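J.: Following this message is one structure expressed as structure tokens.
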Amino acid sequence: MKILVLEDDVLLAMDVEDHLTEQGVRVVGPFGRIPQALEAVASTDLDGAILDLNLNGELSFPVIEALQSKGVPLIVCSGYAELPELKSKLAGLPLLAKPWSPQKLAKLMDKHFSNKPEQSARNG
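Just so you know, we're using the numbering used here here: the sequence shown kicks off at 1337 and counts up by one.
Below you can see the structure in the form of structure tokens.
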């Protein structure tokens, strides 16, 4: 399974990457900028994506739209997802509130990504 990771916080990106790698996932990225992620979306056959919503003040909606146009399931991570001006734009998308836990991430992956790693259900 190939999962794209878009996260501008280097420590969080490494944490997500480590967790996914332990689950047998091939991580695409992690990327810290929207143009890098858009290039990967265009050139890679992805099984899913985990995206930070706010990248140093730039919202990741262009990447969300690119993934949706290709039918790639995604999980949005954010500490801002409950803000009224963002909530409507994120309606229907699985949200992982920050700070996130490996168990919550595994549950969302099990629910929304196909070809999910068997271990994620056991570890969640």
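Backbone N, C-alpha and C define an ideal beta-carbon position, used for all residues, glycine too.
From a predicted model like this one, the values you see are computed outputs, not experimental measurements.
1) Rounded C-beta distance between Glu1343 and Asp1381? I'm assuming under 8 Å.
2) At what residues does the alpha helix (DSSP H) containing Ser1405 begin and finish?
3) Near Lys1440, what residues of its chain come up, given a Cβ to Cβ distance below 7 Å and the 5 sequence neighbours on each side ignored?
4) Beta-carbon separation of Val1364 and Lys1338 under 7 Å?
5) What separation, rounded to the nearest whole angstrom, lies between the Cα atoms of Asp1345 and Leu1395?
6) Please name the residue in Pro1398, Lys1425, Ala1349 and Val1412 whose C-alpha comes closest to that of Leu1444.
7) Output the boundary residues of the beta strand (DSSP E) element that contains Leu1432.
8) Does Ser1450 pass the burial test, meaning 16 or more other C-beta atoms within 10 Å, or should it be called exposed?
9) Leaving aside the five residues before and after Ser1414 along the sequence, list all residues of the same chain whose C-beta is less than 6 Å from its C-beta, in chain order.
10) Could you round the C-beta distance between Ile1370 and Leu1391 to whole angstroms and report it? I think they count as a contact, below 8 Å.
T.: On the basis of the supplied data:
1) The residue labelled residue 1343 in the question sits at position 7 within the sequence shown. The residue labelled residue 1381 in the question sits at position 45 within the sequence shown. That belief does not hold up - the Cβ atoms of Glu1343 and Asp1381 are roughly 21 Å apart, past 8 Å.
2) As a position in the sequence shown, residue 1405 is number 69, starting the count at 1. Its alpha helix (DSSP H) spans residues Phe1397 to Ser1405.
3) For this step, residue 1440 is matched to residue 104 along the sequence shown. Leaving aside the five residues that flank Lys1440 on each side, the residues in its chain whose CB is nearer than 7 Å to its CB run, in chain order, Leu1432.
4) Counting from 1 along the sequence shown, the entry for residue 1364 is found at position 28. Counting from 1 along the sequence shown, the entry for residue 1338 is found at position 2. Closer than 7 Å, so yes.
5) Position 9 of the sequence shown, counted from the first residue, corresponds to residue 1345. Position 59 of the sequence shown, counted from the first residue, corresponds to residue 1395. Each residue's Cα considered, the two are about 14 Å apart.
6) Here residue 1444 refers to the residue found at position 108 when the sequence shown is read from its first residue. It is Val1412 whose Cα lies nearest to the Cα of Leu1444.
7) As a first step, residue 1432 is located in the sequence shown; it is residue number 96 there, counting from the start. It spans Leu1431 to Ala1433 - the beta strand (DSSP E) in which Leu1432 sits, taken as one unbroken run.
8) If you number the sequence shown from 1, residue 1450 lands on position 114. Exposed: under 16 other Cβ atoms inside 10 Å.
9) Counting from 1 along the sequence shown, the entry for residue 1414 is found at position 78. These residues qualify, in order along the chain: Leu1389.
10) In the sequence shown, the residue the question calls residue 1370 occupies position 34. In the sequence shown, the residue the question calls residue 1391 occupies position 55. The Cβ separation is near 6 Å, so the contact holds.
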